[in-house]
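Chemist: If you scroll down you'll find the structure; I have some questions about it.
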Amino acid sequence: MHTFHIPVMGLAYTVDSPIKVARFGISSVISIVEDRLLEMMRKHYYPTIGQEYTPITVLEENYREKRITDYLNLVNTIVASQVEKLRNAAFEKGSEIVKYFEMLPEGSLVKNLYRKMINTTNAIEKLDLQAFLRKQVKPGSIDVNIMTKTVDPITALKGYVNCNLNCSSLVFSAGMDPKLYNYLESCNQFDADDEGNFNKKVIVKVSDYRSALVQGKYLAKKGIWVSEFRIESGLNCGGHAFATEGYLLGPILEEFKRNRKELVAALFELYKAAVLRKQGRELTNPPLLRYSVQGGIGTTEEDKLLRNHYQFKGTGWGTPFLLVPEATTVDETTLKQLCNATQKEIVLSNSSPLGARFHYLKGTSGEAERLSRIAKDRPGSPCTEKHLAFNTEFTTEPICTASHKYQKLKLAQLQSLNLPEAEYERQRSSVVEKECLCVGLSNSAAIKYEEKFVRTLTAVTICPGPNIVNFSRVVSLQTMTDHIYGRTDILTNSGRPHMFIAELRLYIAYLKEQLENDSYSDQLSKRMKYYSAFIQNLREGIEYYRKMSNTITESQEKFMDDLREASVELDLLSLKELQ
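Below you can see the structure in the form of structure tokens.
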């Protein structure tokens, strides 16, 4: 019903978003890797529907899987009840069914019929239209996310496979996990029916065309069809950022647009053979393959550019929805910090134990707790969840690099090396910068709903994208939807650059940082080929934007000025570092 979705954010921030927005036709994504959080949400939500909460304890066999399945079933039950209630509501000011239709995008067939119903004076026609409109009410999709780079993504997959969600999607993010994808082959819940429809779909989040082709082919060979590629900016995003080698979002989207037929054909050839082998069915037509894009979108003009010029079916609006309590779950203190956030507070940090870069809001209680532990000479966190425990540098059993155990061992090693003081401090800072994300990204829901997550651990970490600095006030769900569709404007930064320019600047800043780090550690000469290609890709991206600038409908002159400024900065950086 809508052209946008709300992507997964952190662990807690969209954990119950479907309960908040699905009845209005808006799709959203739940992270399902943190089962303790989902168990806490079960405890919170069962009483709200008059049912008794029965704990699924760690003593039960397959408890993680059971917690995930039951929470998703619970969400599905709640949303189904909400939708039925909404369908039967009166068409009167302030009712949820009126809100449902008022929030729809202008120009949609259903919205036009709603307007016709409002304006007709014929009582019989009005009742007939109302009856028809009630039948058109459809909930948004309740989708789930599995970050492949966690300790046990297969258990999360099992939990989703066994749930009763229909017309739902499983979103894979953070790259390909062959073991996980191989297990997917045995799950017939992702098979199409005789009409080519899927009860459960697969969505793969990628940052470039090559990744889509590689992952899509791998899955197609297993008889798994990717129903959607969700393209996300490598750097202009919230949470973990997986930078490309200087490939910018615009040229990436152009490549998808140019090669969409070839991509479908390549995947279908493999998928067709796999289905014949597995099911004995001969397919003649490929299933639908959808494309959506997310990362830094801030205006209705940008949204339309992505959907019209690049012909993408949908867009993801994440970070701005952190300021919409009707859609996401953020505690009051953190909500105020988000409203007041400036560019200085949003950093591309090294805080994640994964080793990937991580957009991060400074000044949170999570950062304060980490710094306090360092000041007390006890850096690192208790590791209660172990979802990111991969390191075996000092131990046989994998541990997390944000844990106290790892940091104590690593710092002792550094001290034994007798490094120059400046080098020791640089490496020490890199170690103690790592922060517990499993707990930090979950605690906001515990605080908001006054529930216990991990006893004594209450600090909050939040991971908005850089776009948060352009949205500085709490708004309603309807107001944010109106902003997306151009019915109002809630931007508070009048000098906000176009999303393509914002990403370009992030890449130049990222390049500068990498050059400085490698220059300091005498690695620059060894990576000259990489940097030359990176800079060339940025230059080609800038040239692409110059040529397509006539499609920019807002502040075209500023867009060109910003491109020239970025080009000069890149040239100066190249001359200085690569001469």
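Residue numbering for the sequence shown follows the UniProt record's numbering, starting at 1 and increasing by one per position. For glycine and all other residues, C-beta sits at the position ideal for the given N, C-alpha and C. Note that the coordinates shown come from a computational prediction; the quantities given were computed from them, not determined experimentally.
#1: Less than 8 Å between the C-beta atoms of A28 and A22, yes or no?
#2: Between S81 and the rest of its own chain, which residues show a CB-CB distance below 8 Å, the 5 nearest in sequence each way excluded?
#3: Let me confirm a value: A375 is counted as buried when at least 16 other C-beta atoms fall within 10 Å, else exposed. Which label applies?
#4: Straight-line CA distance for T492 to F471?
#5: In this structure, how does DSSP classify I32 when only helix, strand and coil are distinguished?
#6: Can you tell which of A90, M103, Y71 has the C-alpha that lies nearest to the C-alpha of T488?
#7: With a CB to CB cut of under 7 Å and the five nearest residues on each side skipped, what residues in its chain are close to V432?
#8: Which stretch, first to last residue, makes up the alpha helix (DSSP H) that contains E84?
#9: Would you check if the stretch 249-264 and the stretch 302-316 touch, i.e. whether three or more CB-CB distances between them fall below 8 Å?
#10: Do you know offhand how far H498's Cα is from V171's?
#11: Less than 8 Å between C-beta atoms, sequence neighbours within five positions excluded: which residues of the same chain meet that for G316?
#12: Leaving out five residues before and five after residue 640 in sequence, what residues of the same chain have Cβ atoms less than 6 Å from its Cβ?
#13: Run the CB neighbour count on V475, radius 10 Å, all protein chains shown included, and call it buried at 16 or more, exposed below.
#14: Output the boundary residues of the alpha helix (DSSP H) element that contains N350.
#15: In whole angstroms, what is the alpha-carbon distance linking Q136 and N197?
#16: What does D562 pair with, by DSSP beta-bridge criteria?
#17: Buried or exposed: where does V33 fall if 16 or more other Cβ atoms within 10 Å of its Cβ makes it buried?
#18: What span of residues does the beta strand (DSSP E) with M147 cover, start to end?
#19: Go ahead and pull the three-state DSSP assignment for F500.
#20: With a threshold of 8 Å, are at least 3 pairs of Cβ atoms found where one atom belongs to the stretch 55-75 and the other to the stretch 153-161?
#21: Excluding sequence positions up to five away, which residues of its chain have a Cβ less than 6 Å from the Cβ of N199?
#22: Where A533 and G246 are concerned, what is the direct C-alpha to C-alpha distance, given to the nearest angstrom?
#23: Out of A422, L570, Q130, E39, point me to the one whose CA is closest to V454's CA.
#24: Between which residues of its own chain and I154 is the CB-CB distance below 8 Å, once the five residues before and five after are set aside?
#25: Check whether the stretch 494-513 touches the stretch 551-570, taking contact to mean three or more Cβ pairs, one atom from each stretch, closer than 8 Å.
Modeler: Put simply:
#1: Translated into the one-based positions of the sequence shown, residue 28 becomes position 28. Translated into the one-based positions of the sequence shown, residue 22 becomes position 22. The sequence shown places Ser at residue 28, not Ala. Yes, the pair counts as a contact, with Cβ atoms nearer than the cut-off.
#2: Within the sequence shown, residue 81 is the residue found at index 81, counting from 1. Annotation for S81: I49 place their beta carbon closer than 8 Å to its own, counting only its chain and skipping 5 residues before and after.
#3: In the sequence shown, residue 375 corresponds to position 375, counting from 1. Exposed, by the Cβ-count rule.
#4: Counting from 1 along the sequence shown, the entry for residue 492 is found at position 492. Counting from 1 along the sequence shown, the entry for residue 471 is found at position 471. Distance between the alpha carbons of T492 and F471 is about 6 Å.
#5: Counted from its first residue, the sequence shown places residue 32 at position 32. Residue state for I32 is assigned as coil, using DSSP reduced to three classes.
#6: By 1-based counting over the sequence shown, the position of residue 488 is 488. When the alpha-carbon of T488 is set against those of A90, M103, Y71, the nearest one is in M103.
#7: Along the sequence shown, one-based indexing puts residue 432 at 432. Within its own chain, the residues whose Cβ lies closer than 7 Å to the Cβ of V432, once the five positions on either side in sequence are excluded, are I374, P379, Q407, listed in chain order.
#8: Position 84 of the sequence shown, counted from the first residue, corresponds to residue 84. For E84, the uninterrupted alpha helix (DSSP H) segment begins and ends at 63-87.
#9: Judged by Cβ distances under 8 Å, the stretch 302-316 makes contact with the stretch 249-264, as three or more pairs qualify.
#10: As a working note, residue 498 is residue 498 in the sequence shown. As a working note, residue 171 is residue 171 in the sequence shown. Using only the alpha carbons, I get a separation of about 28 Å.
#11: Here residue 316 refers to the residue found at position 316 when the sequence shown is read from its first residue. Result list for G316: F4, H5, I6, P7, R230, E232, S292, V293, Q294, G295, I297, in chain order.
#12: In the structure as shown, the chain begins at 1 and stops at 579. Residue 640 is therefore absent and cannot be evaluated.
#13: The residue you call residue 475 lines up with position 475 of the sequence shown. Sixteen is the threshold: when 16 or more other Cβ atoms of the shown chains lie within 10 Å of the Cβ of V475, as they do, the residue is buried.
#14: Residue numbering aside, residue 350 sits at position 350 when the sequence shown is read from its first letter. Going by DSSP, N350 is part of no alpha helix (DSSP H) at all; its letter is neither H nor E.
#15: Residue numbering aside, residue 136 sits at position 136 when the sequence shown is read from its first letter. Residue numbering aside, residue 197 sits at position 197 when the sequence shown is read from its first letter. Distance from the CA atom of Q136 to the CA atom of N197, rounded to whole angstroms, is 20 Å.
#16: One-based indexing of the sequence shown puts residue 562 at position 562. According to DSSP, D562 bridges with nothing at all.
#17: Here residue 33 refers to the residue found at position 33 when the sequence shown is read from its first residue. Under a 10 Å Cβ-count criterion, V33 is classified as buried, with 16 or more other Cβ atoms of the shown protein chains found around its own Cβ.
#18: To locate residue 147, count along the sequence shown from 1; it is residue 147. Unbroken beta strand (DSSP E) run through M147: 142-147.
#19: Counting from one through the sequence shown, the residue named residue 500 turns up at place 500. Note: F500 maps to helix in three-state DSSP.
#20: By the criterion of at least three beta-carbon pairs nearer than 8 Å, the stretch 55-75 is in contact with the stretch 153-161.
#21: Reading the sequence shown from its first residue, position 199 is the one you call residue 199. Here the set comprises N166.
#22: Walking along the sequence shown from the start, residue 533 turns up at place 533. Walking along the sequence shown from the start, residue 246 turns up at place 246. Looking at the two C-alpha atoms, the distance is approximately 8 Å.
#23: As a first step, residue 454 is located in the sequence shown; it is residue number 454 there, counting from the start. Minimum Cα distance to V454 is reached at E39.
#24: Position 154 of the sequence shown, counted from the first residue, corresponds to residue 154. Excluding positions up to five away in sequence, the list reads K179, L180, Y183.
#25: Yes, the stretch 494-513 touches the stretch 551-570.
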